[in-house]
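What follows is a short report on a single structure.
There are 2 protein chains.
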Amino acid sequence: MSRVTLPIEKGCEELVLELIKLWGADAIRNSDGTKLNEFFENLDAKVYSTYFPAREDQEWPRQNPDEIQHQALISERYTAFDDTLEIDPMAGYYKEQLELDPETVDYWQVFDRTTGELVTKENWTFDGNVVKINKVTKFHEYTVNFFSKQVWDTTHMYNHMTNNWDTDKSIPYDAVFDKTREHIYAHLKEWCERNTNINVVRFTTFFYHFTIMYNQHAMQKFGDWFGYSASVSPKMFEKFKEEKGYEITLEDIIDKGYYNNQFRNPSKVFLDYIDFMQKFVSTLAKVCVDIVHEYGKEAIMFIGDNWVGTEPYGKYFKNIGLDGVAGSAECGVDIRMVSDMEDVRIKEIRFLPYLFPDTFYEGNTPHLEWEYNWMRSRRAILTKKVDRMGFGGYLSLAAKFPEFVDGVTKSTNEFREIHENSPNEDCIKPDYKIGILNSWGKIKSWQANRTGHASGVKENVSYIGVLEALSGLPYNLEFINFDDVKNPEKLAEFKVIINVGEANTSFSGGCNWKDEKVLSAIREFVAKGNSFIGVGDPSATCGNGTYFQLQDVLGVDKEVGNTLQFSRYMKQNEEKHFAFDQIQGKIYIGNRNKYIYSTNENLEILQLDKEFGVEASINNYGKGKGVYLQGLPYSVENTRFLYNIIRYVTNDLNKKYVSDNIYVEAYEFKDYIAIVNNSAESLTSNITGLGNVELSKYELKWIKK
Amino acid sequence: MSRVTLPIEKGCEELVLELIKLWGADAIRNSDGTKLNEFFENLDAKVYSTYFPAREDQEWPRQNPDEIQHQALISERYTAFDDTLEIDPMAGYYKEQLELDPETVDYWQVFDRTTGELVTKENWTFDGNVVKINKVTKFHEYTVNFFSKQVWDTTHMYNHMTNNWDTDKSIPYDAVFDKTREHIYAHLKEWCERNTNINVVRFTTFFYHFTIMYNQHAMQKFGDWFGYSASVSPKMFEKFKEEKGYEITLEDIIDKGYYNNQFRNPSKVFLDYIDFMQKFVSTLAKVCVDIVHEYGKEAIMFIGDNWVGTEPYGKYFKNIGLDGVAGSAECGVDIRMVSDMEDVRIKEIRFLPYLFPDTFYEGNTPHLEWEYNWMRSRRAILTKKVDRMGFGGYLSLAAKFPEFVDGVTKSTNEFREIHENSPNEDCIKPDYKIGILNSWGKIKSWQANRTGHASGVKENVSYIGVLEALSGLPYNLEFINFDDVKNPEKLAEFKVIINVGEANTSFSGGCNWKDEKVLSAIREFVAKGNSFIGVGDPSATCGNGTYFQLQDVLGVDKEVGNTLQFSRYMKQNEEKHFAFDQIQGKIYIGNRNKYIYSTNENLEILQLDKEFGVEASINNYGKGKGVYLQGLPYSVENTRFLYNIIRYVTNDLNKKYVSDNIYVEAYEFKDYIAIVNNSAESLTSNITGLGNVELSKYELKWIKK
């Protein structure tokens, strides 16, 4: 009985107890909506309880409507057909969630979006409903940046609408106000005093929700798990000015309507604002954690919902003093997002699928989903451990699916076995590090996500694919940004730099590739004997006669219309390259539609397509290598392909414990080799240094050294 | 016997004579390599002869090696791994075609291509073989811009290598030198005097070849039918400065290595250089034409080869005083490139396929190729006439394919019939014009080509598709640029503006879409009741919160990574739209890979794809309409789709003479309606205002009004 947390469920006490025993749970928690009853309180298990600092007491916002939270919004775009123009700022928004705040009008901004110019305040008025622009340029487009009040907490609203709850709106109040801040502390104290049976307070989370806006039809309009738009207010802007010494305006948050979303290269002001908020939030969160500790309880935090400012890879996070974090996971990327955190004692995973009727319905096969999730997650856990696992939702639903119950029983046992056979260690890795380079760097380590999970869109499917492959490969990884690249000491820690992403996004890096210092640093890095692996649009930005600014390192460039008059002559390698070792046929690079051409006659072309040109290649550059891949969606084949490439460029071809079957991976520990079968078939595989090993479907086998 | 020109062939006199009679030829011409013999001289037909002003006398360049032509080149890109860097400018070029000219070193330029900065002359030297840069920034890339001598005429070289000719190299000499210019005139006079039997001098063409460079393996490296790189020289740069009052440098021609190719937005200097060259060339060409006229002969010009400066849609072309032009054609776009020319009396087409063994080999079916070419060309001829037609190559080859001979017999008869039934008129069209908007405008009317023909790459397949469809639709068309858009009087001539192309190319217009005057002009144009049809990336350029700068007019925008955090809700029209009238199923938009989303809830979405979003839509904007199509490769279906769209947006739904079968089109003339069957099947079609008409395969039927 250890390392597992399960949700309780009223009315199904015996059944829950059975699963608690079967899966070896040593902790229980109440979910949203369920309250602990006596039966569970008397169990021999730690008790977790969810706590919402910014909305726990719904009397407060009703008594103090001036101290609720704000959100920064931009109106729709309107073209001036006449000499004046009227704009209803709220048109297109869901008024049950967001309400115009006329008190904040001094902070609003009107922009001419055809020229990008700010319209001076003399030229517009607000009558309580609409903004009237009195002097417009005909046929230019205009928008209004403004503050709205958040009259419904986003997660509460989502649950309310999704599950047809019939409750009063939960309104989030703002810790930026002294009175409210003190109330948050006082309420937490009082709660701790009252809830003597609770061992662990699970903050969900602290003060500000990530950005979500709904449209006039009550459907999601915009969502960004990393968004700060719901943390701002006139008061917060004042605090920012005090702290940073200069003014921030709505446009710095609105960002022309893009809201600084995670695909955008961050501006200096926005990075400053993140820094400011992380400091602000961590200071207040520390007070909350201290209160919890005063009452002899542990404090953990859920990574999500009101997590703004608490990014665990940010530099103020450790100051909060949390005992642990809980994250949701379905794959290796999700696991590593938690397991790579520093300064955290308890790392807990709430696995997917959630035990909800959308998965657990008659005729469905949730055990297959679980097998796939566990297969991907297990690779990552073997590479870098988390401490605890569990589920959310209704155990009574899961109990109806015996194959799922069996699968989880096996997995929880494996999870404990991993900890028993390799206590306090991760698998053995080479000394050097692999760097994942993008515009955000460390702060968004392992967070390629659009929402909470590593489920992507076609624009970041290769980023997720590369990370998922790496999440279970025996390497030390670090996420770096372009400042890190320009720091020679930092760069010296790496042997391989990987850049993956679409052009003009924060993933590939956009205009950072116009910085000659960045280009020179990477060129020198490779020329010295290291490697640069580019996937998708690495170093892409128009200028100076190229598109991939590192076309000399990569040996390829992308045809974006400037060089169509050149003839191209390219030939694929005739011999099978080491990169394809153990792989049958071609690798799948996903959906692309531009042409990649060689810029170096001596380029090794591993895979060439008639219509789309070079799909995979390796270029010798000085003493090092530049690798190009058009795309790399996640698959078992592509995982092995990337592993082969890394071993090839790091000159590590004769590695121990490599299998001859792409579905089998081995992890070396101090006393054991752990071998996993990532397929649903029984198989025998030869492993270098070990010989033949037989494995049943999805088996994890331990071989004593 | 009229309107047809055929090539002669020695040793096949009787066979040639037979085809001359069968196809009704009234003119013959010598091809490259064949000379007229007595048999043909005595025929009752006009005699054409090819003449090459810049290389007719190969004694001249051998006696005057200082007066041969130059070409502007850029070296390969080299990264500095050390404190100095040596560059061999000619590495990567074919030295049989181009030779370094050390005499021109004062004009050379060395660039740091990592920063875009010019390296000052003090920091590099040239030792006769390599450029040595003495002060470099380590890990920056460098290139050399330089002049080479053209020691082999490009077309002569091509023919030599393709047909294994065994002749001495033909060297082009440069009319920029006074002595050479006078020799060109004198040689032409002497030639005219000598060749009394020739009736028509077919200039092929005048002085400067379009840009073609070969690589070190004697394969084409770069080619641009519109390129001016082979027209420049130190002397020409001096003349430019005298004329325009400012200096031009190699970089203005080299253009970072893109060589100002047709996909690039032209710079002001490059446009000035084109203007300067057109004036220079037309002045000299006029002297040549006057000489030909003095000898009682006619002068026509082939559009291609040494045609630099003679663009027929340029403003100096008419000054040359030519009697006619000859162009090569395989489709409607090619036909209209010739037939839309103004100030030309004889417009002649040399059709494809060329009568060469690459098409006329045993087992091939050249008649099918001919039927397809003639089908597309005939639509264009019915819309806007050319005066003569003919073929090139070997008639003896064609004679071996009786179905081809029959097909051409039918076509030549149809061609004469068109002229007989509608003398001196084109088909009846509405008053207003449709404008094709791109960065080049009028000067490149109908010239979407990469080489001589409208065969494209995937980057301009929709541009060609739209033009091919329009080439045979009854509308007045004009090609316009962004200056025309900003001229209200000019814009008032149009009812529809079409913009087709990939982002950041001259076809869509690139940074021209950052000009607020352009945006306002188009918005006003549409709001007043006109229409804007955008295909591919219309108005695309990043900025101001959008990608399609006319997203308000179009009602759609393209996802390029900035707005992925927005949710999208779109629905296709439930009822079949008029645009699909007579069309079965979906239209094919070609290969695209980005997502197009609606920016207007009221957008009419005609075709919606799950993965790629809006494929076709119509947006109401003021009193007019914005139409968006993701792509429109040429097909009979897409031709009808575009015709339907144009009729819909111009409110012309009940047009007369529209068929109920997409393969049938009707053209109205003063006395007749011409009806074509564009399919290889017999069919009956109902035509509005006419009733049912029966047509055999590919038939052209005339119905008296």
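Residue numbers (the UniProt record's numbering), protein chains in the order written: chain A, 1 to 705; chain B, 1 to 705.
Each residue gets a CB set at the ideal place from its N, CA and C atoms; glycine is no exception.
query                                                                                                                                : result
Whole-angstrom distance between residue 140(B) and residue 112(B), CA atom to CA atom                                                : 7 Å
Buried versus exposed call for residue 634(B) [16 or more other C-beta atoms within 10 Å across all chains shown]                    : buried
Residue 110(B) vs residue 142(B) beta-carbon contact at 8 Å                                                                          : yes
Buried versus exposed call for residue 39(B) [16 or more other C-beta atoms within 10 Å across all chains shown]                     : exposed
Contact residues within the region 250–272 of chain A, judged by C-beta distance below 8 Å to chain B                                : 256, 257, 258, 259, 261, 262, 263, 264
Cβ contact check for the region 406–414 of chain A and the region 468–485 of chain A: 3 or more pairs under 8 Å                      : no
Residue 61(B) burial status per 10 Å Cβ neighbour count (16 or more: buried)                                                         : buried
Residue-level contact to chain A via CB, residue 202(B), 8 Å cutoff                                                                  : no
Proximity winner among 368(A), 211(A), 550(A), 381(A), relative to residue 427(A) (alpha-carbon distances)                           : 381(A)
Integer-rounded CB distance, given that residue 329(A) should sit under 8 Å from residue 335(A)                                      : 5 Å
The region 428–445 of chain B touching the region 480–487 of chain B, judged by at least three CB pairs closer than 8 Å              : yes
Beta bridge counterpart(s) of residue 435(A) as assigned by DSSP                                                                     : 478(A), 497(A)
Contact between the region 515–532 of chain A and the region 594–614 of chain A (3+ Cβ pairs under 8 Å)                              : no
Closest residue to residue 572(B) among 614(B), 560(B), 694(B) (Cα-Cα distance)                                                      : 614(B)
Near-chain B residues of the region 97–117 of chain A (beta-carbon distance less than 9 Å), N- to C-terminal order                   : 111, 112, 113, 114, 115, 116
Residue 383(B) vs residue 506(B) beta-carbon contact at 8 Å                                                                          : no
Helix, strand or coil at residue 339(B) according to DSSP, with G and I counted as helix                                             : helix
Cβ contact check for the region 677–696 of chain A and the region 557–574 of chain A: 3 or more pairs under 8 Å                      : no
Secondary structure of residue 419(B), DSSP reduced to three states                                                                  : helix
Cβ contact check for the region 118–132 of chain A and the region 57–72 of chain A: 3 or more pairs under 8 Å                        : no
Own chain, CB closer than 8 Å to residue 543(B), minus 5 neighbours either side, in chain order                                      : 514, 549
Where the beta strand (DSSP E) through residue 91(A) begins and ends                                                                 : Residue 91(A) -> no beta strand (DSSP E), and no H or E assigned at all.
Beta-carbon proximity of residue 390(A) to residue 6(A), cut-off 8 Å                                                                 : yes
C-beta neighbour in chain B for residue 222(A), strict 8 Å                                                                           : yes
C-beta contact flag for residue 70(A) and residue 149(A) at 8 Å                                                                      : yes
DSSP state of residue 684(B) mapped onto helix, strand, coil                                                                         : strand
Cβ-based contacts, 9 Å cut-off: residues of the region 518–543 of chain A near chain B                                               : 519, 520, 521, 522, 523, 524, 527, 542, 543
Residues near residue 583(A) in its chain [Cβ-Cβ closer than 7 Å; skip 5 each side]                                                  : 637, 640, 641, 662
Contact list for residue 16(A) against chain B, beta-carbon separation under 9 Å                                                     : Here the premise fails: no neighbours, minimum Cβ distance about 36 Å.
Residue 347(A) versus 696(A), 247(A), 4(A), residue with shortest Cα-Cα distance                                                     : 4(A)
Selection of the region 563–582 of chain B by Cβ proximity to chain A, strictly under 8 Å                                            : 563, 564, 565, 566, 567, 569
For residue 388(A), the three-state DSSP class (helix, strand or coil)                                                               : strand
Residue 603(A) - containing alpha helix (DSSP H), residue span                                                                       : From DSSP, residue 603(A) is part of no alpha helix (DSSP H); its letter is neither H nor E.
Among 489(A), 519(A), 539(A), nearest to residue 503(A) - alpha-carbon criterion                                                     : 539(A)
CB contact below 8 Å: residue 561(A) versus chain B                                                                                  : yes
Beta-carbon contacts of residue 704(A) that lie in its chain and below 7 Å, excluding the five residues immediately before and after : 671, 672
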